[in-house]
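Data first, discussion second: the structure below is written as structure tokens.
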Amino acid sequence: MYDDLLLTVLLTSVPLILAATGELVVERSGVLNLGVEGMMLMGAVAGFGVTSLSASPYFGMLGGATAGAVTAALFGFFVLGLATNQVATGLALTIFGTGLSGLIGAPLVGQAIDGLPAFIVPVLSDIPVVGVLFSLDVLAYVSIGLVASTSFVLFRTRLGLVIRAVGDNATSAHALGYSVLKVRFYAVIFGGMMAGLSGAYLPLVLTPHWAEGMTAGRGWIALALVVFASWQPWRVVGGAVLFGGVTIMQLAGQARGWSVSPQFLSMLPYLATIIVLVAMSRGGRAERGAPAQLGRIFLPPR
Amino acid sequence: MSPHREIPLLSGRRISKRFGTFTANDDINFDIHEGEIHALLGENGAGKSTFVKLVYGLLSPDNGQFLWHGTPVDISSPQAARDMGIGMVFQHFSLFDVLSVAENIQLALPAGLSLREVKERVITVSAEYGMTLSPDARVGDLSVGEQQRVEILRCLLQDPSLLILDEPTSVLTPQEAEQLFAVLRRLRDDGCAILFISHKLDEIKALTSKATILRSGKKVVTCDSASTSAKELAELMVGAALDNSMRTPPVSHSEADSLFCLDQVSRPAATPFATGLKDISLSVTHGEILGIAGIAGNGQTELMEVLSGEAIGDAIVGNVMLDGVSITELGPDMRRQKGMRCVPEERNGHGAIVNMSLSENALLTASHESDNVSASGLVSWAKCRALSRKIVGSYDVRTPHQDPVAGSLSGGNLQKFLIGREMMSRPRLLIVAQPTWGVDIGAAQAIRAAMRHLLEDGAAIIIISQDLEELLVMSHRICVLNQGQLSDPLPTRDVTAESIGLMMGGMANAVVERAV
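From first to last, the protein sequence lines are chains A and B. Under my numbering, think of the first position of the first sequence as 5, with each following residue one higher. Under my numbering, think of the first position of the second sequence as 1406, with each following residue one higher.
Structure (structure tokens):
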């Protein structure tokens, strides 16, 4: 029974890992995209729709990532091309994504699809408790690989160095000859793909249906998770499992009639974020984590 | 001689650049050859920075054409400039605070070098040029002087054929500057052209062969800097005859009670890269200027924070006294209300808020002087603007238009504004770090004169500076900060640049013993 519970926790945390890792890269480049929820919904509806049409959940994954990237490109066009306010544009993107996904998804309501199958590793999955880790779906394994490669790229490669530099001091990066807007645009697109993939995970693995607004605030949790992780990719995984665990605890608690209010439990992830933020700033680390240019508009001087 | 000797490496033909109605560069013709160190001279706001930004592709000219080896080129971006072989050391550093020294340098080098290789090159080259730098140190934790070494090193590693330096020596000690000159001369001998912006005429005489002088955006002349006297250069630059520096008259009431003192103040280093302060005692009396010399990174930043009240709390041991009363626990605002004023070393973001207008910045430190800026407790913007205009007028701050944002002023101009802002309130105690760093000769004289004038009202001044000449000219007593320890003050008439230089290098005891 605890295996089941653990499995559910892990599955719940996968979309958080995907979306937060993408947003982490975006924020490292100095852009704040509050439209994660909207991009996830676009990914979810596209993932569901493509799977329904092609009968292949793998095409569904691709469709979800593409939809996320296209939505993010729209955000990039406004924020980087037209230098609009990032907070306002990001919020608008969420509203836009919620509405458009509902519109596109209206004919899909009530349909069912075959989602991603679990990929059960022989032998390893038979180990008690730990075995759960080896009976997940492909995308869950991929998400860990993506965290690893994001961490590697950010801290071990020149590309990552440039991304961090752009997020710390856009003027200097420009002076050194790096195209700030190009780097940020690609980062935004990457963030969109990850959010789209994360959205597609919901109908492909968690519930094989499409429902309007089915992300249910996961995009916002992903945003909180980036701060929680103090912009370090591996900490996203820990945070996602914690947040996923708290979410499941709330459902399990309700099912078992715990005397704790479910509203209190659903508040926990955010409470945890606040506690971590306070702890970080007391340790003097907050200032080191946040990219200095986060949310700031950069216009190349000519 | 190379075959290109006759064709200039870089030429500018009738270069103009306007910002709105303000013409920063007006019809400038300019040539620089390979193997030439060429000085660009001019007062703050004369258009030097704009011109080099055009050369480096950060700005594009409204009119005119650049030629590279005689071929017309369009320097469309810094990347294009770097590809051509132009490197630049900025006046306001273009470093990334959160990244390490090696990472900062790696960003400026062509792709393909691993971080380890970069670290090795940093260690080799910095040792070769006598600039100590730890490749793993986080740049945000370095002092201004050390950050500049990173900038210079970063350019050197790029093997540029034209190197632009925007006031590179302003934060270096004479010895460090001499080391830099050795580096630059070697680069010149290798055929590299160097465009060198400085206010220090003796440096220009010692280092450069040609000098182009700008005044109000126009080129005055290009002359042979060796055969033109420093006085002539200065007059060409200012456009008027100058009366050169004189020493501050001695204090008449030197044994009066001290106005302000530190009593055995210690402060542990807050980060691995900070310098802790050890047992610092100093005192300054009415009508006196105390100079604190020292090489950047020896605790100047930390000391300034203790003096200004930015650093208070349990970590600080000892007493800070004003009028014989402890103000150790008081923050900057409370200290300001008691008549103390501070001008920190870093202008952008510390002394001034870059994105706020001058009048808003003026309000920030004048908010307690109700007659200046507020009526019935509310801010009176008319009064703020009047105050800002008064500062701009009295201290000859050159602004592109009425009440611009602080960040749009050149470094020297912003400094004039900040010093003016603090002087305007007639403080009883003024603490200034690097008062004339990056400020042109005319304005530096004005600032110094204003500081002396302040003394007449019985005020005391503490100057923390790396500019020895300035300290010798300005202060009554000098002490040296070295590795967080402050030497006993010596009367300025008893010291020479050499003896202070030795103390700055950590040989305080020898000198003090000799003096005693």
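C-beta: ideal position from N, C-alpha, C; glycine also.
For the alpha helix (DSSP H) assignment, the segment 1420-1451 of chain B encloses no uninterrupted run of at least 4 residues.
The C-beta distance from A/G101 to A/M43 rounds to 6 Å, short enough to meet the 8 Å contact threshold.
The shortest CA-to-CA distance from B/V1722 to any of B/T1617, B/R1672 and B/E1525 is the one to B/R1672. Closest option to B/E1765, judged by alpha-carbon separation, among B/D1719, B/V1784 and B/E1750: B/V1784. Per DSSP, the continuous beta strand (DSSP E) segment holding B/M1726 begins and ends at V1722 to L1727.
Taken through DSSP and simplified to helix, strand or coil, B/N1760 comes out as coil. At a Cβ-Cβ threshold of 7 Å, B/G1692 and B/G1816 do not count as neighbours. Taking a C-beta distance under 7 Å as the contact criterion, B/V1494 and B/L1570 qualify as a contact pair.
Nearest CB-CB separation between B/A1507 and chain A: not below the 7 Å threshold.
The secondary-structure analysis by DSSP pairs B/G1696 across a beta bridge with B/I1868 and B/I1883. In the displayed model, A/G171 falls within a helix according to three-state DSSP.
Within the segment 1589-1624 of chain B, the beta strand (DSSP E) runs of at least 3 residues that lie entirely inside it are, in chain order, 1598-1602 and 1615-1620. Against chain A, the beta carbon of B/L1819 has no neighbour under 7 Å; the closest one sits roughly 16 Å away. Exclusion of the five residues before and after A/G257 leaves V264, P266 and L269 as the residues of its chain whose Cβ lies within less than 8 Å of its Cβ. Within a 10 Å sphere around the beta-carbon of B/S1731 sit fewer than 16 other beta-carbons, which makes this residue exposed. Contact check for B/R1741 against B/E1827 fails: the beta carbons are separated by 7 Å or more. A direct Cα-Cα distance of roughly 28 Å separates A/G299 from B/P1749. Per DSSP, reduced to three states, the secondary structure at A/M218 is coil, with no helix or strand assignment. In this structure the segment 30-38 of chain A does not touch the segment 47-60 of chain A; the number of beta carbon pairs closer than 8 Å is below three. In the three-state scheme derived from DSSP, where H, G and I count as helix and E and B as strand, B/I1569 is classed as strand. A/I21 is a Cβ neighbour of A/V240, given a cutoff of 7 Å.
Between the alpha carbons of B/N1434 and B/L1619 lies a distance of about 11 Å. When the Cα atoms are used, B/S1904 and B/A1675 turn out to be separated by approximately 31 Å. In the structure shown, A/T98 falls within a helical segment according to DSSP collapsed to helix, strand and coil. Within the segment 1698-1722 of chain B, no residue places its CB atom closer than 7 Å to a CB of chain A.
The beta carbon of B/T1733 sits closer than 6 Å to those of N1724 and V1725, all from its chain and outside the five residues before and after it, given in chain order.
In the DSSP annotation of this structure, the continuous segment of the beta strand (DSSP E) that includes B/W1473 starts and ends at N1468 to W1473.
A/P207 is positioned such that its CB atom lies closer than 7 Å to that of A/A48. Taking a C-beta distance under 7 Å as the contact criterion, B/I1796 and B/L1835 do not qualify as a contact pair. Below the 7 Å Cβ cutoff, chain B contributes S1499, L1500 and F1501 as neighbours of A/S176, in chain order. Excluding sequence positions up to five before and after A/E41, its CB lies within less than 8 Å of the CB of T98, G101, T102, T219, G221, R222, G223 and W224, all in the same chain and listed in chain order. Between the C-alpha atoms of A/L275 and A/T251 there is a straight-line separation of about 13 Å. Counting along the chain, A/G53 sits inside the alpha helix (DSSP H) bounded by residues V40 to S58.
Counting the other Cβ atoms within 10 Å of the Cβ of A/Q90 gives 16 or more, which makes it buried. For B/R1487, a Cβ of chain A is located within less than 7 Å of the residue's own Cβ. Per DSSP, the beta-bridge partners of B/T1627 are B/T1617.
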